[in-house]
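Asks: Residue numbers (my numbering): 913 to 1218. Quick reminder that beta carbons are idealized off the backbone N, C-alpha and C, glycines included. Sharing a structure, written as C-alpha cells. Questions coming.
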Ligand SMILES: [Zn+2]
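Next up, the structure:
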C-alpha cells in the first residue's frame, strides 16, 4: 500500500491495520496544519473505502479512478463556498440528506468535510445528528486544522488522526522519490517554503508548469543537448522580460543546489560555478535594456563552451 504521505508513521500504521481488517472507523477527524496532507489522506481513505478490489485502494479500478478525479457518485466533498467564512448549516443539511439515499456504485457512501473547523455550532449540531446514527455504511471524514474548534460531542464520536510535518530529511526523501528531484534540491525547496512539505509540493507544482521546468530542462540540455536545443528552450521567453528574469532566478537556484551537492560529495564544482556566474551576469544584464534574444544566445553558448 503506497501512502500519499511522508512521515507520520504512527498514523499510517494505524490506518493500514484498519484497512487490512476492514475496520476503518465511521467517523474520522483528520487534524493537521495546512499543507500537512489532510486532503490527500482523506482522498486516500475514500479510495480505500470505495475501491472495488480486495487489496485496496488499488489505484486502478473504476472506483479508484473516479475517486481520484473527484467524480465518484458515492463520494461527497463539502468545502467552504467562495468568499464564505463558514461551512453553512444548509451545506450540512444537504450532506445529511444525501447520507440517507442509497449509494450508486459502492456499498457505502463517503462524506468529506474540508475545513470542518469552520462549522458554527448550528452546523456542528446538524452534523452531530448524523454522526450519532449514521445511516447504512456511511463514513464521515472531517478535515480540521485543530479539533479544539469542534464540539466535544463530535470529537468523542470520531477517531482522530493527527498529522505532523515530517522532519526535513524525511520530507526531502519523499519529495525526491515522488517528484524526480535530487534530495539536496528537495531540501532547498523545503527551506524556501518554511519546511512545510505541503507548501513545498504545491510551490513545485505551480513552478513545474512554467519557467522552473524550463530551467530544469535547460540544465539537462546543457549536459546532454545541442546548442540549438538550448536556444530553442528559451525561445518562448524572448519577449518576456519578467519571465526571463524568473527563469534565470530558477536556474541559479538549481545550480546553487548542484554546487552544494558536489561540494558535499567532494566533487569539482568548477563547471557549476562557471554556469552560476553566467546566470548572475545574465540577471544583471536584464536590469539594463539588454536585447533578450542576444542574451539567450550568449548564455547558451557560454553554457555549452567547455
Ligand atoms: Zn481500486
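1) Could I get the ranges of all uninterrupted beta strand (DSSP E) runs contained in the stretch 1109 to 1178, with 3 residues as the minimum, in chain order?
2) Does the distance between the C-beta of residue 934 and the nearest non-hydrogen atom of ligand 1 fall short of 7 Å?
3) Please list, following the chain, all residues that have a C-beta closer than 7 Å to any non-hydrogen atom of ligand 1.
4) Pick from 949, 1091, 1151: whose alpha carbon is nearest that of residue 1202?
5) Are the Cβ atoms of residue 1084 and residue 1102 separated by less than 8 Å?
6) From the DSSP secondary-structure annotation, give me the bridge partner or partners of residue 990.
7) I'd like the list of long-range same chain contacts for residue 975, defined as Cβ closer than 7 Å, with 5 residues on each side in sequence excluded.
8) Could you pull the start and end residues of the beta strand (DSSP E) that residue 966 belongs to?
9) Can you tell me the Cα-Cα spacing of residue 924 and residue 1140, whole angstroms?
10) I think residue 1044 touches residue 999, with their Cβ atoms under 8 Å apart; what is that distance to the nearest whole Å?
11) Exposed or buried, residue 1229, counting other C-beta atoms within 10 Å across all chains shown (16 or more means buried)?
12) Whole angstroms are fine: how far does the CA of residue 1163 sit from the CA of residue 1007?
13) Would you identify the three-state DSSP class for residue 1056, choosing helix, strand or coil?
14) DSSP three-state label for residue 1044, please.
15) When the Cα atoms are used, what is the spatial distance from residue 937 to residue 930?
16) When DSSP labels each residue in this structure, what does residue 1073 get in the three-state scheme?
17) Check for me: the beta strand (DSSP E) holding residue 943 runs from which residue to which?
18) Looking at the structure shown, is residue 923 part of a helix, part of a strand, or coil, going by DSSP?
19) Keeping to the same chain, check which residues put their C-beta closer than 8 Å to that of residue 1116; ignore five residues upstream and five downstream.
20) Per DSSP, what kind of secondary structure is residue 1202 in: helix, strand or coil?
21) Does the stretch 966 to 981 come into contact with the stretch 989 to 999, if we say contact requires no fewer than three beta-carbon pairs (one atom in each stretch) closer than 8 Å?
22) Count Cβ pairs between the stretch 1142 to 1157 and the stretch 1055 to 1074 that sit closer than 8 Å; are there 3 or more?
23) Which word fits residue 1009, buried or exposed, when buried means at least 16 other C-beta atoms lie within 10 angstroms of its C-beta?
24) Starting from residue 1004, follow the alpha helix (DSSP H) in both directions and report where the run begins and ends.
25) Tell me the rounded alpha-carbon separation between residue 1171 and residue 1165.
26) With a 10 Å radius around its C-beta and 16 neighbouring C-beta atoms as the bar for buried, classify residue 932 as buried or exposed.
27) Please list the terminal residues of the continuous alpha helix (DSSP H) segment that includes residue 1096.
Replies: Straight from the coordinates:
1) Runs of the beta strand (DSSP E) inside the stretch 1109 to 1178: none found.
2) Every heavy atom of ligand 1 is 7 Å or more from the Cβ of residue 934, so no.
3) A residue is listed when its beta-carbon falls short of 7 Å from at least one non-hydrogen atom of ligand 1; in chain order these are 959, 963, 964, 965, 968, 969, 970, 971, 972, 973, 975, 976.
4) When only C-alpha atoms are compared, the closest one is 1151.
5) In contact: residue 1084 and residue 1102 (Cβ atoms closer than 8 Å).
6) Note: residue 990 sits in a beta bridge opposite 1025.
7) Correct list, in chain order: 962, 963, 964, 984, 1017, 1018.
8) Note, residue 966: premise wrong, no beta strand (DSSP E); not H, not E.
9) Those two C-alpha atoms are separated by around 49 Å.
10) In this structure residue 1044 does not touch residue 999 by the C-beta definition: roughly 19 Å separates them, more than the 8 Å allowed.
11) A query on residue 1229 cannot be resolved here, the shown segment of the chain reaching from 913 to 1218 and no further.
12) Each residue's alpha carbon lies about 48 Å from the other.
13) Strand at residue 1056.
14) Taken through DSSP and simplified to helix, strand or coil, residue 1044 comes out as helix.
15) For residue 937 and residue 930, the distance between alpha carbons rounds to 8 Å.
16) Here DSSP, grouped into helix, strand and coil, assigns residue 1073 to strand.
17) Unbroken beta strand (DSSP E) run through residue 943: 939 to 943.
18) It is helical.
19) Within the same chain, residue 1116 has close Cβ partners 1087, 1091, 1093, 1101, 1124.
20) Residue state, collapsed to three classes: coil.
21) The stretch 966 to 981 is not in contact with the stretch 989 to 999.
22) No, the stretch 1142 to 1157 does not touch the stretch 1055 to 1074.
23) So residue 1009 counts as exposed.
24) For residue 1004, the enclosing alpha helix (DSSP H) has its first and last residue at 1001 to 1011.
25) Going by C-alpha positions, residue 1171 is about 10 Å away from residue 1165.
26) Around the C-beta of residue 932, fewer than 16 other C-beta atoms lie within 10 Å, and the residue is accordingly described as exposed.
27) Run containing residue 1096: 1095 to 1104, per the alpha helix (DSSP H) assignment.
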